[in-house]
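Each position in the sequence shown, counted from 1, maps to that position plus 89 in my numbering.
Even glycine gets a Cβ: it sits at the ideal position worked out from N, Cα and C.
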Amino acid sequence: MGKEKIRWGLLGAGVIIDRWIKGAMQVEDMEIAAVASRTAESARHMAEKYGIPEVMSYGELLGRDDIDAVYVPVPHTAHKDLTIRALEAGKNVLVEKPAAVTAADFEEMAACAKKNGKFLMEAVWTRFFPLAGKLEEVLKEGAIGDLRLMQSSFSFRSTPEAAPRLFDPARAGGALLDVGVYDLHFADMVFGRQPDAITGMASMDTDSLHLKVDEQNSFIARYENGALAVMTSAVRTTMPDTAWLFGTEGSIEIPVFWKPQKMHLVTDTRDEWIEAPVSQKIEGIEDEGYQYEIRHVNDCIRSGLTQSPVMTWEKTGNVLTLCDQLRARWGLRYPFE
Ligand SMILES: NC(=O)c1ccc[n+]([C@@H]2O[C@H](COP(=O)([O-])OP(=O)(O)OC[C@H]3O[C@@H](n4cnc5c(N)ncnc54)[C@H](OP(=O)(O)O)[C@@H]3O)[C@@H](O)[C@H]2O)c1
């Protein structure tokens, strides 16, 4: 691939797109060439708002050979089919989290990327924040000794009226697949390996709304050296979305760990906040931090890679395997399974 800008197509025009585009606008070597939707109205609205030149159907966008990469920000249940269609059409793909509903589905997607020689990555943007790099350094230099326990929660209280997808079993709703995956990816980031075992509990159908998905859950992963990750996610209970890391020689607190910009390191000799704010270059447009994953994808595509060295297929598969195990334990099966 030459020096020209990477041309992106957006497959969908839902809630997340509006936030992601603000990150894409910070990135120099790309342009958003087109946005597609099943209903032209939502795509047209997005195109007008952000000056995207063309609006078309999913099929038309995938048929365009002047588009290099697509972003797949649709409900979890539509990730697999749309990703496979895009890869078969010769596109590089950034697919939203969770990359698929099950580990087996993701395996098919990864095999398709391999077969077509195209790039595929799950959009776990947390891994690309500058603070994530600083955290890795601090852990590597042993600032808190051996990491013994991580505690994290990502949760909020919502309703089916406000966010229908989250509560719809037919769209793989529930807390684990929507936000619990952030806890699991964060555990993978800080421990750097798959746990030996995972267990947990979930609350389903516990109030007058009779929700058939996990309203809240709590799960614990155990690593071979006895370290633990104690995690919670919820769509019906608000808790602080902070991660804490406790080591043999100190601790680190990371507020809003899923889009981290600062951390509090405390040891016998240090008590300091380490900061790495998201950079902004466009007045009035605030990126929450999507620019870093997008730059990474562009770099990978320019290097001709099929997978990211950071957000590997193996890591995506590992997290989805843990989700499969937890859902089996909770008896949470979606109607299409
Ligand atoms: N990285 C993040 O920070 C972040 C934040 C929020 C969400 N997400 C992820 O992004 C994905 C989308 O979330 P969202 O809240 O944006 O979802 P959403 O608003 O419910 O849906 C997004 C769009 O998907 C399109 N779509 C395509 N196929 C569909 C199908 N079979 N059923 C329903 N809609 C379909 C719809 O567009 P048309 O009707 O116009 O075709 C819809 O506007 C989820 O997987 C979620 O986990 C990520």
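- Rounded to whole angstroms, the separation of the alpha carbons of residue 189 and residue 166 is 7 Å.
- Only residues of its own chain outside the window of five on either side were considered, and among them 96, 122 have a CB closer than 8 Å to the CB of residue 155, listed in chain order.
- With a 10 Å radius around the Cβ and a threshold of 16 neighbouring Cβ atoms, residue 172 comes out buried.
- When DSSP reads this structure, residue 360 sits in a beta bridge with 355.
- In the DSSP assignment, residue 407 is bridged to no other residue.
- Annotated three-state conformation of residue 336 is strand, per DSSP.
- A distance below 8 Å between beta-carbons, with the five flanking residues on each side excluded, links residue 177 to the following residues of its chain, in chain order: 201, 205.
- Here residue 112 carries a helix assignment [DSSP, helix/strand/coil].
- Non-local C-beta neighbours of residue 396 in its own chain, meaning closer than 6 Å and more than five positions away in sequence, comprise 402, ordered along the chain.
- With contacts defined by Cβ atoms closer than 7 Å, residue 350 and residue 220 form a contacting pair.
- Scanning its chain for C-beta atoms nearer than 8 Å, with the 5 sequence neighbours on each side dropped, one finds around residue 414 the residues 287, in chain order.
- In this structure, the beta-carbon distance from residue 276 to residue 239 falls below 7 Å.
- Only residues of its own chain outside the window of five on either side were considered, and among them 258, 293, 294 have a CB closer than 7 Å to the CB of residue 301, listed in chain order.
- The C-beta separation of residue 380 from residue 116 comes to about 6 Å, placing the pair in contact by the 8 Å criterion.
- In this structure, residue 331 sits away from residue 211, with a CB-CB distance that is not shorter than 7 Å.
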